[in-house]
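Remarks on the structure that follows.
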Amino acid sequence: MAEVAGNAAAEHLSPAFPERAAWGTASKLRAWQVEALTKYFEKEPRDFLAAATPGAGKTTFALRLATELLARGTVDRLVVVAPTEHLKRQWADAADRVNIRLDPMFKNGDGMFGRHYQGVAITYAQVGMNPEVHERITAGGKTLVVLDEVHHGGDALTWGDGIRLAFSKATRRLSLSGTPFRSDTAPIPFVQYAPDEQGIRTSISDYNYGYGRALKDGVVRPVLFMAYAGQMRWKTRMGDEMSASLGDPVTKDITAQAWRTALSPEGEWMPAVLSAADKRLTEVRRGVPDAGGLVIATDTTTARAYARILQRITGERPTVVLSDEAAGSSRIQSFAEDTSRWMVAVRMVSEGVDVPRLCVGVYATSASTPLFFAQVIGRFVRARRRGETASVFLPSVPGLMALAATLELERDHALDRPANAEDGMYNPEDAMVAEANKEDRASESLLDMQPFEALDSQASFDRVLYDGGEFGTGGEVGSLEELDFIGIPGLLDPDQVRDLLRARQATQAKRSKGRVLKDGLPSSAAKAPEPENRPMYQTIKEQRSELQRLVSIWSRHANEPHGSIHAELRRMSGGPAVAQASIEQIQKRIDILRGRIGNRR
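To get this note's numbering, take the position in the sequence shown, counting from 1, and add 724.
Spelled out as structure tokens, the structure:
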């Protein structure tokens, strides 16, 4: 049976480049998959961590490796551990196409899988509930364990302990992750850690295939981030009415409440953004007829409300997925196979779900960790042919803008860092900046006691983020400034996307200069803010935020840590650390980075 599995794999693997040489008996593999397999079989280690960007083809790589090990007799059974019920069924379906029979319906109470199977597909939760069952299965034969999205192994203490107990006797362990980092310091099972140059223990990947390289190879799509701002108004529990513009430099509390107001289906912001996203989908479908869209909602109530809004806009009932149950999995599968326009879902579709035709997304959730953001964007980057692009609509809030600007940044999981480090990319200079920018705020417990009522929300087009750059002059919903970017063709190579964005930017600049108001002044002059007396700390705060944004962009381009960039800027411009630097000293560092980024382009 193993021999059949090994030989049959060649007929079912999805290639990006048919002309590429094969590994073993497979005639078509992506270049990175060949490299990773070659590296694995150089030493055939017991543990191997492959970190590959979402959409690169980790499942194909893992099953090709499994067929080789089965064919050689190195292992005689396969256990796949996945984060969700839907994903374990997806793994079983993919394995069946290469003649590996996995049981995705296995329950802990079954004790052992049937002889007609070669293994099981289970969830991390199943292992955590009864690791002894899976220890017996693993020890009962020569077992290859595939840990899909292995960072979930640290989601709960019982999960991490259970996985170590269940699979410590495995013959081979293959760990996979599209986002091999966590937002906490919980260690990931069977992942090797080693101190970096600062003594911080970080995860070590045996093979890494990042988004930047995958984009150059044509394996993933370029992503356009369509950011929308607007005016928000809400009422606190105490009856106080508040307002703010989305994306303005305000406290974290105000930003969070303005963001929640924007996401309310009762206001005008979400209908306007959903309508813009549907227009974008229509444009993409001119070149990609089956292109679909996905709205990620915070909870089931808002998901249903967004679906009603989309139905009014499109005249078509969207697919709604509210849970990780069999019915949810079947709806996802049906959507993946048809040509309907929209699916609305809560968090379960954020990771690992394979719907290659998704080209347009709406990030309508308040979740903002780097891990979750990367997982969501991963749903849209899987390329089927060269030229496909992805477009993600999102609120113009600082945290999301920073994540969008650093999409290509490769991260490792760090064990040794302060508890308040938010994204696993801790360094002392960044910590000082964060401390200096920290606002006085009410306690979390007080905020929990003050739910608010969304009163009004208005949307406006803010800008487009692409490849670390920003494009667009902003404008009202439905304006030429917005339509310039919504109307970008859906089939373009990355370089063509960049060139077209620059051209649209130049067009808008000329349009703005030529626009004359009734008083005879150019619009740019009319919009120039009047000089105002502002406290020095407000100016310094805005400068620090701008400096940090530019440091993030340069970090991605130069592949340098933030701390190193800050240190170099201090050497070049003089002065103390950012937290103690003056307005002039910070501005000098901003000018240096703007010059570098401008020269690169």
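Yeah, the Cβ is synthetic: ideal placement off N, Cα and C, and Gly gets one too.
If you're wondering where the values come from, they're calculated on a predicted model, not measured in any experiment.
Beta carbon proximity, residue i to chain D, threshold 8 angstroms
i	result
Ala968	Considering every chain present, this structure includes no chain D. It has just one protein chain.
Span of the beta strand (DSSP E), counted from its first residue to its last, around residue i
i	result
Pro1119	1114-1119
Glu768	Counting along the chain, Glu768 falls outside any beta strand (DSSP E), and DSSP gives it neither H nor E.
Asp1186	1184-1190
Ala1178	1177-1181
Val1045	1043-1045
Gly1193	1193-1195
With 16 other Cβ atoms within 10 Å as the buried cut-off, status of residue i
i	result
Pro1013	exposed
Glu1206	buried
His840	exposed
Ile1376	Since the first residue shown for the chain is 725 and the last is 1325, residue 1376 is missing from the structure and cannot be characterised.
Ser1115	buried
Gln1111	First, the amino acid is wrong: residue 1111 is Gly here, not Gln. The residue in question, Gly1111, is buried, as its Cβ has 16 or more Cβ neighbours within 10 Å.
Glu1308	exposed
Leu1271	buried
Gln1304	exposed
Ser1074	Since pLDDT at Ser1074 reaches only 48, below the 50 mark, its modelled position is unreliable, and the value read off the structure follows with that caveat. Answer is buried; the Cβ neighbour count reaches 16.
Thr1231	exposed
Leu900	buried
Gly954	buried
Asp834	exposed
Pro1094	buried
Pro778	buried
Gly886	buried
Residue i and residue j closer than 8 angstroms at C-beta
i	j	result
Ser1064	Gly1016	yes
Val943	Ala774	no
Tyr952	Phe1117	yes
Ala1128	Leu1189	yes
Gln842	Arg801	yes
Asp1180	Gly991	yes
Ala1000	Ile861	no
Gly1192	Arg1280	yes
Ala845	Ala806	yes
Thr1089	Met1067	no
Trp815	Asp771	no
Val1084	Leu1005	yes
Asn854	Asn823	no
Pro1119	Leu970	yes
Arg1103	Leu1124	no
His1286	Gly1052	no
Thr1022	Leu1046	no
Tyr848	Trp883	yes
Ile912	His875	yes
Start and end residues, alpha helix (DSSP H) containing residue i
i	result
Arg1032	1024-1038
Phe785	782-796
Ala806	Note, Ala806: premise wrong, no alpha helix (DSSP H); beta strand (DSSP E) at 801-806.
Ser1207	Here residue 1207 is Leu; the residue named in the question, Ser, does not match the sequence. Unbroken alpha helix (DSSP H) run through Leu1207: 1204-1210.
Glu1292	1286-1297
Gly1123	1122-1129
Arg897	Here Arg897 belongs to no alpha helix (DSSP H); instead the beta strand (DSSP E) covers 896-901.
Gly936	935-941
Same chain only: Cβ atoms within 7 angstroms of residue i, ignoring 5 sequence neighbours per side
i	result
Leu789	Leu761, Tyr764, Leu898
Gly1244	In this prediction, Gly1244 has a pLDDT of 43, which is less than 50 and means its spatial position is unreliable; what the coordinates show is noted afterwards. Taken in chain order, the list of residues that qualify is empty.
Ala1158	Because Ala1158 sits at a pLDDT of 40, beneath the cut-off of 50, its placement in the model cannot be relied upon, and the following sentence gives the value as read from the coordinates. For Ala1158, where only same-chain residues beyond five positions count, there are no Cβ hits under 7 angstroms.
Ala996	Ala1183, Val1201
Arg1041	Gln1035
Leu793	Val799, Leu868, Arg896
Pro989	Thr1026, Ala1029, Tyr1030, Ile1033
Pro1218	Leu939, Pro946
Thr1263	Ile1307
Arg1313	Leu1271, Leu1293, Ser1297
Leu1225	Val1188, Tyr1190, Phe1195
Check: residue i C-beta below 7 angstroms from any heavy atom of the ligand ADP
i	result
Ile1289	The ligand ADP is absent from the structure shown, which contains no ligand whatsoever.
Cutoff 6 angstroms; reference residue i; Cβ partners in own chain excluding five residues on either side
i	result
Tyr933	Trp756, Ala776, Ala780
Tyr931	Ala760, Lys763, Ala774
Ala982	Met956, Ala968, Leu970
Gly864	none
Contact set for residue i: own chain, Cβ-Cβ below 8 angstroms, skip 5 residues either direction
i	result
Trp1278	Glu1284, Ile1289, Leu1317, Arg1320, Ile1321
Ser967	Gln955, Met956, Arg957, Trp958
Checklist entry - Which runs of the alpha helix (DSSP H) spanning at least 4 residues fall entirely within the segment 957-1019, listed in chain order? => result 976-987, 993-1009
- Task: Could I get the ranges of all uninterrupted alpha helix (DSSP H) runs contained in the segment 815-881, with 4 residues as the minimum, in chain order?
- Result: 848-853, 855-863
ask   = Counting only runs that start and end within the segment 1068-1108, where is the beta strand (DSSP E) found for 3 or more residues in a row?
value = 1082-1088, all fully within the segment 1068-1108.
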